[in-house]
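S.K.:
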């Protein structure tokens with residue numbers, strides 16, 4: 619991380635040996651916030667990986683020339699974001715970086731892979747079922763018509779990020795469970811010659827049910843992001859209807875907003 623002014627110090631004796639932190643003591647930005655921002659950037663950029671140790675607060679304050687309360691406040695802000703965790707007898711440890719996904723017509727798998735998050739998938743369900751009223755309306759098929767339902771748990775670094783439920787028209791393509799666990803659904807659609815063109819999507823938030831919390835390694839009632847999407851191919855045919863839930867502590871959507879001329 620380049621130095622832009624102030625006094626740069628290197629942490630030593632742990633996975634952060636190579637990092638340098640710039641603390642500008644005359645800046646109006648509080649020192650704890652400067653440290654927290656630079657630690658967060660190191661996590662997001664992969665310089666600090668899940669499992670890496672930062673050392674305890676006393677060591678950090680000594681190495682950085684900061685007071686212990688300043689270091690504690692910086693660490694607590696990242697603990698609150700779910701990026702760090704304090705472990706008794708171990709010290710402060712990196713948990714993960716939050717996944718930030720741009721709002722575009724892409725799959726979660728592709729987004730995680732592009733971000734270097736090493737996605738993995740466990741297929742929980744892959745079967746043909748009668749279409750419920752909402753699924754039938756989304757896919758423009760008769761209610762009760764046969765559709766395929768997929769339920770998958772998507773993880774990064776061995777920890778769950780999202781529970782994905784998708785419905786597709788029966789006969790659209792071969793949905794092999796092994797392939798679904800090794801690649802993304804949208805990649806399989808493209809490989810089958812299906813060109814995704816557009817989608818209608820709604821994003822919301824709610825609290826996790828007990829079942830969702832157990833699947834996603836969260837506390838019951840924890841905040842979840844929700845996404846409901848119907849994707850269409852270049853002929854206007856509805857090819858996929860997804861209802862997904864994401865851990866808010868590990869996942870965020872990025873929006874770019876423009877002013878109309």
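Residue numbers (the numbering used here): 619 to 879. Where a beta carbon is used, it is the ideal one built from N, C-alpha and C, also for glycine. The structure displayed is predicted, hence computed values, not measured ones.
Would you kindly work out how many angstroms separate the C-alpha atoms of residue 748 and residue 764, rounded to a whole number?
M.R.: Whole-angstrom Cα-Cα distance: 5 Å.
S.K.: With DSSP as the reference, label residue 793 as helix, strand or coil.
M.R.: DSSP places residue 793 in coil when its eight states are reduced to three.
S.K.: Three or more beta-carbon pairs under 8 Å between the stretch 648-663 and the stretch 689-697, yes or no?
M.R.: The answer is yes - the stretch 689-697 touches the stretch 648-663, with three or more Cβ pairs under 8 Å.
S.K.: Can you tell me whether residue 828 is helix, strand or coil according to DSSP?
M.R.: Residue state, collapsed to three classes: helix.
S.K.: What number of angstroms, rounded off, separates the C-alpha of residue 671 from the C-alpha of residue 833?
M.R.: Roughly 27 Å separates the two Cα atoms.
S.K.: Confirm, please, whether the CB-CB distance from residue 637 to residue 660 is below 8 Å.
M.R.: Against a cut-off of 8 Å, the Cβ pair of residue 637 and residue 660 comes out as a contact.
S.K.: Could you spell out the range, first to last residue, of the alpha helix (DSSP H) harbouring residue 697?
M.R.: Element bounds for residue 697: 686-698.
S.K.: With C-beta atoms as the reference, is residue 825 less than 8 Å away from residue 849?
M.R.: Cβ atoms of residue 825 and residue 849: not closer than 8 Å.
S.K.: What is the DSSP secondary structure of residue 788, reduced to helix, strand or coil?
M.R.: Residue 788: coil per DSSP, three-state reduction.
S.K.: Can you grab the Cα-Cα spacing for the pair residue 649 / residue 668, in whole Å?
M.R.: Spanning the two alpha carbons is a distance of roughly 25 Å.
S.K.: Specify the secondary structure class of residue 764 as computed by DSSP and reduced to three states.
M.R.: Residue state, collapsed to three classes: strand.
S.K.: Taking only three categories from DSSP, how would you classify residue 680?
M.R.: Looking at residue 680 - three-state DSSP - the assignment turns out to be helix.
S.K.: Give me, in chain order, the residues of the same chain whose beta-carbon lies closer than 8 Å to that of residue 798; leave out the 5 immediate sequence neighbours on both sides.
M.R.: Closer than 8 Å at Cβ, skipping near neighbours: 739, 741, 744, 768, 770 and 806.
S.K.: Under a three-way DSSP split, which group does residue 835 fall into?
M.R.: Of the three classes helix, strand and coil, the one that applies to residue 835 here is coil, per DSSP.
S.K.: Taking the alpha-carbon of residue 837 as reference, which of 647, 756, 795 and 866 has the nearest alpha-carbon?
M.R.: For the residues 647, 756, 795 and 866, the minimum Cα distance to residue 837 belongs to 866.
S.K.: Below 8 Å on the Cβ atoms is my guess for residue 847 versus residue 868; work out the distance and round it to an integer in Å.
M.R.: Not confirmed; about 20 Å, so no contact.
S.K.: Considering only residues of the same chain and omitting the five flanking positions on each side of residue 686, which have a CB-CB separation below 8 Å?
M.R.: Within the same chain, residue 686 has close Cβ partners 675, 676 and 679.
S.K.: Please state if the CB of residue 753 and the CB of residue 787 are separated by a distance shorter than 8 Å.
M.R.: Contact flag unset, no.
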